[in-house]
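Take a look at the structure set out below.
4 protein chains.
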Amino acid sequence: MFKIDQRGSTPIYQQLVQQVKEAVLKGILQPGDKLPSVRELAVRLTMNPNTIQKSYQELERQRVIETLRGRGTFVSLHYKPSKGKEKMSVFEEDLRNLLVEAHYLGLDRAKIMQLVGRLLEELKIGEGDS
Amino acid sequence: MFKIDQRGSTPIYQQLVQQVKEAVLKGILQPGDKLPSVRELAVRLTMNPNTIQKSYQELERQRVIETLRGRGTFVSLHYKPSKGKEKMSVFEEDLRNLLVEAHYLGLDRAKIMQLVGRLLEELKIGEGDS
Amino acid sequence: MFKIDQRGSTPIYQQLVQQVKEAVLKGILQPGDKLPSVRELAVRLTMNPNTIQKSYQELERQRVIETLRGRGTFVSLHYKPSKGKEKMSVFEEDLRNLLVEAHYLGLDRAKIMQLVGRLLEELKIGEGDS
Amino acid sequence: MFKIDQRGSTPIYQQLVQQVKEAVLKGILQPGDKLPSVRELAVRLTMNPNTIQKSYQELERQRVIETLRGRGTFVSLHYKPSKGKEKMSVFEEDLRNLLVEAHYLGLDRAKIMQLVGRLLEELKIGEGDS
DNA sequence: GTGGTCTAGACCACA
DNA sequence: GTGGTCTAGACCACG
């Protein structure tokens, strides 16, 4: 279900955070669904349980998942977009940097817009009704 | 000319790499232009010359700038989009992750497309003839 | 395991790069093997950890080794000959220069071919199936 | 007549040394031929005269050329292969390193031998009768 | 003057 | 424990 790239610069725990969020977004994980336990996932992904733990903590901090003591961890029923304007400007900066990279990879405006469009479909990001 | 954020997680040598690439892209730095010397820039940005060095060497590896021995460093006359398909898939992965973030920030499809469009203008990324 | 010439004009970080590549080629280091940690090797070779770092990073850029975060650095499982035609012409140029030197050292065609043959044996370079 | 690569790691003055030696080897420059004056060559190659000077000094040190005061510089009538065994081992080391590179460029034994053979032809290196 | 290498010593994030 | 970043200060070859 999750694919981790051991090499590559992004930290493993962040990759997991990303993938859980993506799964929720796509509807693969529905609100209320139970996530695998830390230990189980550690075995399946052959990772250190501490790393899984760190991912879950980060996801909980972002209100994407919730932990019910003794029951397990579940996808939050209502997640709220946070919208801090600080986060927005960080996001915009990241996006700008990525677009610079795109140009140095030989992509022009049309190809970039097309790629963004395709990924939005794939991620099922549409109007704000989600 | 360059603005470095001393705190913040992204390494400052990478920030400089990004900003030089962005400046070249926008035309602020033209092919053939001389870059400030390592020492001079170190003084202006109040950072260590070694750090500037690291940035310049990375930029040279990426063929964005060239070093003429004893004369200084210059913006490359012809930089070639590299196009490695591996780099492309890394890029696509990064973009996907960023779009997931966008959604969690409350942006819908329309707002994302609009933002991308605006940034492309700002960076002067147009058709492939640039 | 590695022998570094502290004096002599070639940078010692490059010497280390060369020797690692040679060790991999000879099979002394097998794909998947763990390299000594930066700190440990620094102690063993009595050099600065930063210098070792530089070597390792260069080797990683060349895809000879891979870094697994927090676990260490390893010989790449699959390294691919890069084959850039630009690199090829640089190589041919270097080889030409070296052959000119050979002549000025008093070596004739036969002795040169013999020496090349001997070194190829020593390095275990054979048919393309290695 | 001489082609200098301003970028690239090998020092300009060494490139010139190399090319003069190569020209002598090929017979383009014959023993007794007059070399261009420092100033003239500096103009033709758009280089700093000091750099040309350095090249000529190095060539003279290697006994490839001779300077006749007030007359100019000439290709030596009899150059003697030096054969210092120290130089030989340096040469062998350089050759070994280059062969390692060859392998990482995807060349196998046959292709390397073929390339060496071609270059020897091109440089007119034959039996020891030169 | 330019960039390139090296050391010493410090701090940090990741697993 | 691992590698990655940064500073301070030094020395060198090149043009």
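Residue numbers (the numbering used here), protein chains in the order written: chain A, 1 to 130; chain B, 1001 to 1130; chain C, 2001 to 2130; chain D, 3001 to 3130. Beta carbons: idealized from backbone N, C-alpha and C, even for Gly.
Own chain, CB closer than 6 Å to residue i, minus 5 neighbours either side, in chain order
| i | result |
| --- | --- |
| B:Pro1031 | Val1075, Leu1077 |
| B:Leu1045 | Ile1004 |
| A:Ala23 | Leu29 |
Reference residue i; option with closest CA among the options
| i | options | result |
| --- | --- | --- |
| C:Ile2112 | D:Ile3125, D:Leu3107, D:Lys3085 | D:Ile3125 |
| D:Arg3007 | B:Lys1054, B:Tyr1013, B:Gly1072 | B:Gly1072 |
| C:Ala2110 | D:Leu3120, D:Asp3108, D:His3103 | D:Leu3120 |
| B:Leu1041 | B:Phe1002, B:Ser1089, B:Gln1114, B:Lys1085 | B:Phe1002 |
| D:Asp3005 | B:Arg1069, B:Ser1089, B:Val1020, B:Asp1005 | B:Arg1069 |
| A:Tyr79 | A:Lys21, A:Thr10, A:Ser9, A:Gln14 | A:Lys21 |
| B:Tyr1104 | A:Glu86, A:Tyr104, A:Pro81 | A:Pro81 |
| B:Gln1019 | A:Glu93, A:Gln57, A:Asp33 | A:Glu93 |
| D:Asp3108 | C:Gly2117, C:Gly2128, C:Gln2014 | C:Gly2128 |
| A:Gln57 | A:Lys85, A:Glu86, A:Gln14, A:Ala23 | A:Gln14 |
Span separating the alpha-carbon of residue i from that of residue j
| i | j | result |
| --- | --- | --- |
| C:Gln2062 | D:Phe3091 | 25 Å |
| D:Leu3059 | D:Ile3065 | 6 Å |
| A:Met47 | C:Met2088 | 41 Å |
| C:Leu2115 | C:Leu2029 | 25 Å |
| B:Arg1118 | A:Gly117 | 15 Å |
| A:Thr10 | D:Ser3009 | 33 Å |
| B:Asp1033 | B:Glu1086 | 31 Å |
Residue i and residue j closer than 9 Å at C-beta
| i | j | result |
| --- | --- | --- |
| A:Leu123 | B:Val1100 | yes |
| A:Lys83 | B:Gly1106 | yes |
| A:Leu95 | B:Leu1098 | yes |
| D:Ser3055 | D:Leu3016 | yes |
| C:Thr2067 | C:Ile2012 | no |
Cβ-based neighbour list, residue i, same chain, cut-off 7 Å, excluding 5 preceding and 5 following
| i | result |
| --- | --- |
| A:Arg39 | Pro49 |
| B:Ala1102 | Ile1112 |
| C:Ser2037 | Gly2072 |
| C:Gln2053 | Val2038 |
Review point. Which of the residues in the region 2051 to 2069 of chain C, read from start to end, lie with their CB under 7 Å from any CB of chain A?
Key: For the region 2051 to 2069 of chain C, which is checked against every Cβ of chain A, the residues closer than 7 Å are Glu2066, Thr2067, Leu2068, Arg2069.
Point to revise | Interfacial residues, the region 15 to 42 of chain A to chain B, with Cβ spacing under 8 Å | key: The region 15 to 42 of chain A vs chain B, Cβ under 8 Å: Gln18, Lys21, Glu22, Leu25.
Review point. For the region 3097 to 3112 of chain D, which residues have a CB atom closer than 9 Å to at least one CB atom of chain C, in sequence order?
Key: Of all residues in the region 3097 to 3112 of chain D, Asn3097, Leu3098, Leu3099, Val3100, Glu3101, Ala3102, His3103, Tyr3104, Leu3105, Gly3106, Leu3107, Asp3108, Arg3109, Ala3110, Lys3111, Ile3112 have a Cβ within less than 9 Å of some Cβ in chain C.
Exercise for review: Could you name the residues of the region 3075 to 3096 of chain D whose beta carbon sits closer than 8 Å to any beta carbon of chain C, in the order they occur along the chain?
Suggested key: Flagged, chain order: Tyr3079, Pro3081, Ser3082, Lys3083, Lys3087, Met3088, Phe3091, Glu3092, Asp3094, Leu3095, Arg3096.
Practice item. Compile a chain-ordered list of the residues in the region 2114 to 2125 of chain C whose CB is closer than 8 Å to at least one CB of chain D. Key: Cβ contacts with chain D come from Leu2115, Val2116, Gly2117, Leu2119, Leu2120, Glu2122, Leu2123, Ile2125.
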